[in-house]
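A short write-up of the structure that comes next.
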Amino acid sequence: MHELSLAVDLIAQIEKICEREKATRILSVKVSIGAMSGVEREPMEFAFPEAARHTLAEGAVFEIEEVPLRVHCNACGADTKCVPHLMRCEKCLDAAVDIISGRDFLLTGLEVL
Amino acid sequence: MCKDCGCETANAVAVHGHRHLDLETRVLAVNDEAAAKNRAWLTERGIKTLNIISSPGSGKTQLLERTLERLAQRGVKVAVIVGDQQTDNDAQRLQGKGAPVIQIETGASCHLNAQQIGNLLPEIIEEDTELLLIENIGNLVCPAAFDLGETAKVALLSVCEGEDKPVKYPLLFHDAAMVLLTKIDLIPHLDWDAEKCHQALHQVAHHGKHLSVSARSGEGMKAWIDWLIGK
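Each protein sequence line maps, in turn, to chains U and Z.
Just so it is clear: in the first sequence, position 38 is 38 by the numbering used here, and no numbers are missing.
Just so it is clear: in the second sequence, position 63 is 176 by the numbering used here, and no numbers are missing.
In structure tokens:
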């Protein structure tokens, strides 16, 4: 489960931002998880409070937005949704697609005091 | 909703004076920066680096044993970093084949990260090194999420594992520039369906190359070595 080491990295980044912003407490943390980021919701939900313990983020609400995988089709030019285990253009079913979103695991927002 | 300022807030106990910070920061930024540094360092020295990933027992170490012997015969200078949670058994197997080998024991961690590789580069890379092979921890999931600064990822799939592994673990098989189907000498003893496996690979990636090899019998090894040294 690499989510725990990701949660530790996430907390380290949050603490850096809090130092810059002179925040004293974190009320909520928002992240987005791409369908093909290699990160799963459930282990992340488990790992976050563990990593947040004894930090400014302890007790913060943890919100996850899931970002679907989207691809660009090199055959017909359409941008469509798809699933990681079937990389196809939804429109023309061609396999020659490039990923345009859904790969990232991002910290997207903080609510701080 | 925040009772003080009326904003949409996730925290019911929010008190006045709170601030919302809109961000777009990659959580893997620390690893990515270290990976970019490794990539620049290796590229500057003209070293091709492969991050070799597979499930445990798919034959990474035996493939590397035979690969190192063949590369030595062809006069290619190679260095090896090998990762496992415990023991230096793999490094011991790879010693004495003409290449410097360093083992990383990760303890509880399920993947190698870019900082671990970066720390070892000055030690393992010699002036005439042409190729760096990194044997990642046996795991199809976690190592795929961590860039090490490699030129390309290589995925191994042994014929004993099942033809549909690529669709079950799409991230790795999508990203791999090369997929090696290993242990093909065992095919006569299995119900291996090569066509089904190629379909599964095609479902997750249209750009990767595939080769079938047996480190034990030597079948397919020449094509693998040719690809490795860019022929």
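We put the beta carbon where it would ideally sit given N, CA and C, even for glycine.
Problem - Where Q316 (chain Z) falls, given that 16 or more other Cβ within 10 Å makes a residue buried - result: buried
Handout entry: Sequence-distant residues of the same chain with beta carbon closer than 7 angstroms to N151 (chain Z), five excluded per side
Key = A227, I230, G231, L234, L261 and G262
Problem - Short Cβ contact (8 angstroms threshold) for V66 (chain Z) with A204 (chain Z) - result: As displayed, chain Z neither begins before 114 nor continues past 344, which places residue 66 (chain Z) out of reach and without an answer.
Handout entry: Beta carbon proximity, L253 (chain Z) to chain U, threshold 8 angstroms
Key = no
Problem - Residue closest to L113 (chain U), alpha-carbon to alpha-carbon, out of U:T24, U:H2 and U:C89 - result: U:T24
Exercise for the section: Select from U:E15, U:M1, U:I33 and U:E19 the residue whose C-alpha is nearest the C-alpha of C102 (chain U). Expected result: Correcting the residue identity first, residue 102 (chain U) is Gly in this sequence and not Cys. Answer by Cα proximity: U:I33.
Problem - 8 angstroms Cβ shell around I338 (chain Z) - same chain, five flanking residues per side excluded - result: T180, R183, L184 and R187
Handout entry: Sub-8 angstroms separation of L97 (chain Z) and L177 (chain Z) beta-carbons
Key = Because residue 97 (chain Z) is not part of the residues shown, which for chain Z are 114 to 344, the question remains open.
Handout entry: Cβ contact check for the region 74-84 of chain U and the region 103-111 of chain U: 3 or more pairs under 8 angstroms
Key = no
Problem - Residue span of the beta strand (DSSP E) that contains T174 (chain Z), given as start and end - result: Counting along the chain, T174 (chain Z) falls outside any beta strand (DSSP E), though it belongs to the alpha helix (DSSP H) covering K173 to Q186.
Problem - 8 angstroms Cβ cutoff met for L110 (chain U) and I17 (chain U) - result: yes
Practice task
Please check if any C-beta of chain U sits within less than 8 angstroms of the C-beta of V292 (chain Z).
Solution key: no
Problem - 6 angstroms Cβ shell around S330 (chain Z) - same chain, five flanking residues per side excluded - result: D298
Exercise for the section: Indicate the three-state DSSP secondary structure (helix, strand or coil) for E50 (chain U) in the structure shown. Expected result: helix
Exercise for the section: Flag this pair as yes or no: are the beta carbons of L155 (chain Z) and V267 (chain Z) separated by less than 8 angstroms? Expected result: no
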